[in-house]
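Enquirer:
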Amino acid sequence: MPDNLGVVRRFVADFLGRGDLAAADATAHPRIQGITGLKPAGPIDGLDEYKAIIAGFVDAFPAEAPLTILDQFASADGTRVVTRFQSRQRHARAFFGLAPTGRSILFDETHVARLRDGLIVENIVSATNLEFEMLMAPVLSPLILR
98 MPDNLGVVRR FVADFLGRGD LAAADATAHP RIQGITGLKP AGPIDGLDEY KAIIAGFVDA
158 FPAEAPLTIL DQFASADGTR VVTRFQSRQR HARAFFGLAP TGRSILFDET HVARLRDGLI
218 VENIVSATNL EFEMLMAPVL SPLILR
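Right, here's the structure in full:
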């Protein structure tokens, strides 16, 4: 069985945390589905879309320090990996049309990844990112509350 904990650790720390597209290619299935507020209109559909969304996010909110994994564990059969992490990122560039604020924001997230054959096929994000959500509310609310 592949090291699913290691696969997800690399996906989270390198791809989500730093925008490393090679890490995405090495850890995610081309048809990955992502459930996250970074695409409020529905699931991220496929690796190319996931890479574009994360690249835009990391460009607008670069990390101030490396992401820290707080907890990580796998289901009994190893096909699901839960990872809780924190990262601190600065709003340095426009995002969804919101001008940069220079604010340093703490992200506290839990991801549930489902893997098949050593690749992530689904990533579900649950987050306690109130400061980010309040910052983005003016531009994201119309996309969500239609």
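Residue 98 is where the sequence shown starts when you use my numbering, and the numbers rise one by one after that.
Cβ coordinates follow ideal geometry from the N, Cα and C atoms, glycine included.
Everything numeric in this text was worked out from a predicted model, so none of it was measured.
#1: What does a CB cutoff of less than 6 Å around T198 pick up in its chain, not counting 5 residues either side in sequence?
#2: Quick one: any contact between the segment 129-146 and the segment 168-177, if contact means 3 or more CB pairs under 8 Å?
#3: Could you check the C-alpha separation between F192 and D156 for me, to the nearest Å?
#4: Give me the Cα-Cα distance between T165 and G103, rounded to the nearest whole angstrom.
#5: Hey, quick one: how far does the alpha helix (DSSP H) through A149 stretch, first residue to last?
Expert: Walking through what the data contain:
#1: Here residue 198 corresponds to residue number 101 of the sequence shown, with the count starting at 1. The answer, listed in chain order, is H188.
#2: no
#3: Start at 1 with the first residue of the sequence shown, and residue 192 comes out as number 95. Start at 1 with the first residue of the sequence shown, and residue 156 comes out as number 59. Using only the alpha carbons, I get a separation of about 9 Å.
#4: On the sequence shown, residue 165 is found 68 positions in, with the first residue counted as 1. On the sequence shown, residue 103 is found 6 positions in, with the first residue counted as 1. So the alpha carbons of these two residues sit roughly 14 Å apart.
#5: The sequence position of residue 149 within the sequence shown is 52, counting from 1. From DSSP, the alpha helix (DSSP H) with A149 extends over 144-157.
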